[in-house]
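2 protein chains.
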Amino acid sequence: MTAVTDDKPAAPKRPLTLRDVSEASGVSEMTVSRVLRNRGDVSEATRTRVLAAAKDLGYVPNKIAGALASQRVNLVAVIIPSLSNMVFPRVLTAISDVLDNTPLQPVVGVTNYLPEREEKVLYEMLSWRPSGVIIAGLEHSEAAKAMLRSAGIPIVEIMDTDGTPIDSVVGISHRRAGRMMAETIVKAGYRKIGFLGTKMPLDHRARKRFEGFTEALAKAGLEVVDQEFYAGGSALAKGREMTAAILERSPEIDFLYYSNDMIGAGGLLHCLDAGIDVPGRLGLAGFNGIELLDGFSMQLATMDSCRAEIGRKAAEIIAQGAEVSVSDGGPTRGRRVELNPTIRHGNTLRLRPSEGLYPE
Amino acid sequence: MTAVTDDKPAAPKRPLTLRDVSEASGVSEMTVSRVLRNRGDVSEATRTRVLAAAKDLGYVPNKIAGALASQRVNLVAVIIPSLSNMVFPRVLTAISDVLDNTPLQPVVGVTNYLPEREEKVLYEMLSWRPSGVIIAGLEHSEAAKAMLRSAGIPIVEIMDTDGTPIDSVVGISHRRAGRMMAETIVKAGYRKIGFLGTKMPLDHRARKRFEGFTEALAKAGLEVVDQEFYAGGSALAKGREMTAAILERSPEIDFLYYSNDMIGAGGLLHCLDAGIDVPGRLGLAGFNGIELLDGFSMQLATMDSCRAEIGRKAAEIIAQGAEVSVSDGGPTRGRRVELNPTIRHGNTLRLRPSEGLYPE
DNA sequence: TTGAAAGCGCTAACAC
DNA sequence: GTGTTAGCGCTTTCAA
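These protein sequence lines map, in sequence, to chains A and B. Each residue of the first sequence is one higher than the one before, counting from 1 in UniProt numbering. Each residue of the second sequence is one higher than the one before, counting from 1 in UniProt numbering.
What follows is the structure, given as structure tokens:
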């Protein structure tokens, strides 16, 4: 055994404070603070002295104290339902990218699509007095809405524009997205349409897409022939299973609309394996436009949900944030940004109606 | 236009404080504080009064002030390189699940595999004085290591055990993982082995797997026949492209080892499309054991990287955290948990050597 | 069971 | 350019 002798001082029991740096450098706490924050005029000489001392001691400022004193917290609360599908990570990346050019920092909370979790997470985050909140969706518990309204900071609700925002909102209309896809499918000549989705009554965006979808079908005198829902497990595997099941049960189906790309991709794999003629005998479409699927031999028709753009815009609104966010009692001052989702036909959705099984 | 009359008071300009609740309830700040934190004995009567007042006002406590006063912050810094691949979200979920049963809350920072980002993110997080740090990998800049050592809180380095931890470590040996896979492949009778990976010199775990892999091959008198690396883009698509490319360049290859499941899956798709006999003519294996791939028609051979288990264990260590984490100058008091990755053969790796092209 | 006083580590505002 | 003073909103500690 060798006796280890430290050349650096041992780990301190008491965290270092400004005072320590002050004493080590022979400069007042205030000036040290100024140097460390690059605020106010400090002579180059003392600046160097202070920096050296801080680095030497390994001083890490205490933001808790700083925040309390300055009444400023450079944190942005980002509240999303899930991390496990590919959609929110994409939004997060965009948010981070924008905030990287500001003093702001995102802090992520996950709700698992549970309103009570959302309420709790929101409460926790608000208790840190963040500079803004980015939160997915427009549906929140009354308590959550009350908290958001009275927080006195910019709030941006993202992903969805179908509803009444508290402050600002950035997203797409999922109802419209569902409608657009239905219209495209009908125009392509498909008539026996099935739907596959998630068993998530609380996924309001999926619900709205479905509503828009059936609404547009109804306008064309059609309705969904059959449907199936899943919960849990590998989305790809579930998509495969559900597709097999629904096609067996309702063999007349000539199109399947999936509530997300992942189960759509599973369905596509099933069709390829089963030798089903796609998009001739059966058309397929998903939702989200996730890049993941670029590696498949066939491109699933889908709709870009503008995830990156949404994240970017939301972060920008927060970053601007100077403006008053919610006025007292009057109309909301928030901004409204509705993005346009675009259909990507891929090759699982035939383009010309003339090729359809049901020529018009 | 209708004149909106508020039944609830308008959003306050000044955030509410304990004092407000104190005044509204006619109870001292101290007692209000006790009620809100469920600390100490408070009569049921005052308790109800206080709770009612707090709820009525919509009071949200200020954790900044609370943390400063109590010198306690129930935050756990979790620092990971990326959110975009499926591996870290899985770890995060496990961490959250464990911490949900404690007062602790994870706060995530992403480094993009950049040491300088890591250093910055770490500094930011430490300045909030968290109760612990969970950080991916054992390789950090000297400055980062110094910060971790002197933070005076439990540190858990995760994912990898090949190296010297600062405090605790939970992970698998990636070198060993690479070795195990090589041995399995060789035992199965494959001899002309190619490698496909990421262009990430800073992904130390991928590097260690590769080193272990080649080391074990060398022991069997073999070396990697050809290799290819990618950066950016859809991993699935890249896997497909790289596989086509390497097989064209080195047609003698009878096995491809991928540094992750995603590119492996892309490779598998290529093989299926190209009509290549897998695992007869060509074997394939990936790494991570991601569930995503369960929906494929063939199961890619892979190795479980114990992501969930790692997250769980790490969180547990932090939660126990009471123990002194780094002793002064002496040996680290941290715990060491090395998990055993297991090979999942799937069906892209033939099992019996006797079936090999090169019978032994 | 409740309250009063002191102070956590920093920064705003003002002096010098 | 630098230092001094007074809090930020809570919790700790101690007294009642």
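All residues carry an ideal CB built from backbone N, CA and C; glycine is no exception.
Contact between the region 299–310 of chain A and the region 148–157 of chain A is absent, with fewer than three C-beta pairs closer than 8 Å.
For A:G334, there are no neighbours in chain B by C-beta distance under 7 Å, as the nearest C-beta there is about 13 Å away. If you compare the alpha carbons of B:Y257, B:T184 and B:Q71 with that of B:G194, the shortest gap goes to B:Y257. Closer than 7 Å at the C-beta level to chain A, one finds these residues of the region 114–128 of chain B: Y123, E124, L126, S127 and W128. Among the residues of chain A, those whose CB is under 8 Å from the CB of B:R240 are G295, following chain order.
Exposed is the label assigned to B:L114, since fewer than 16 other Cβ atoms lie within 10 Å of its Cβ. With a threshold of 9 Å between beta carbons, A:D261 makes no contact with chain B. Per the Cβ contact rule, the region 207–220 of chain B is in contact with the region 176–186 of chain B (3 or more Cβ pairs under 8 Å).
Flagged as an interface residue toward chain B: A:Q105, by a C-beta distance shorter than 9 Å. For A:I185, the enclosing alpha helix (DSSP H) covers residues H174 to K187. In this structure, the CA atom of B:G109 is about 6 Å from the CA atom of B:I80.
Under the Cβ distance rule, A:T93 counts among the residues neighbouring chain B, one pair being separated by less than 9 Å. In the DSSP assignment, the residues bridged to A:D160 are A:I172. Taken residue by residue, none of the region 187–202 of chain A has a beta-carbon sitting less than 9 Å from a beta-carbon on chain B. B:L196 and B:G267 do touch by the CB rule: their CB atoms are close to 7 Å apart, below 8 Å.
For the region 152–169 of chain A, the set of residues with a beta-carbon nearer than 8 Å to any beta-carbon of chain B comprises G152, in chain order. About 13 Å separates the beta carbons of A:S127 and A:I153, which is beyond the 8 Å limit, so they are not a contact pair. For a cut-off of 8 Å, the C-beta gap from B:G295 to A:L236 is around 3 Å, short enough to register as a contact.
Residue burial annotation: B:P103 is exposed, with fewer than 16 other C-beta atoms found within 10 angstroms of its C-beta. Residues of chain A whose Cβ lies closer than 8 Å to the Cβ of B:G58 are, in chain order, A146, M147 and S150. When B:S33, B:R344, B:V42 and B:R175 are compared, the shortest CA-CA separation from B:A301 is found for B:R344.
With contacts defined as CB atoms closer than 9 Å, A:V225 and A:S250 qualify as a contacting pair.
DSSP, reduced to helix, strand and coil, places A:P106 within a strand of the structure shown. Within its own chain, the residues whose Cβ lies closer than 7 Å to the Cβ of B:E211, once the five positions on either side in sequence are excluded, are R175 and G178, listed in chain order. A:G286 has a beta carbon lying at 9 Å or more from every beta carbon in chain B. One alpha carbon belongs to A:S150, the other to B:A53, and they sit about 16 Å apart. Counting only runs of 4 or more residues that sit fully inside the UniProt domain "HTH lacI-type" (16–70) of chain B, the alpha helix (DSSP H) segments are 18–25, 29–37, 44–57 and 63–70, in chain order. Here the region 45–60 of chain A makes contact with the region 12–28 of chain A; the two share three or more CB pairs at distances below 8 Å. Taking 9 Å as the CB threshold, B:V50 stays off the interface with chain A. Cβ contact annotation for A:C306 (same chain, cutoff 7 Å, sequence separation greater than five): I172, L339 and P341, in chain order.
Following the DSSP letters along the chain, one finds A:F255 inside the beta strand (DSSP E) bounded by residues F255 to Y258.
For the C-beta of A:D20, not a single chain B residue is nearer than 7 Å; the gap to the nearest is close to 12 Å. Put simply, the CB of A:I64 is near chain B, with a gap under 9 Å to one of its CB atoms. B:P15 and B:V107 have their C-alpha atoms some 24 Å from each other. Between B:V186 and B:A231, the C-beta gap is not smaller than 9 Å, which leaves the two residues out of contact. In this structure, A:N288 keeps its C-beta atom at 9 Å or more from the C-beta atom of A:D254.
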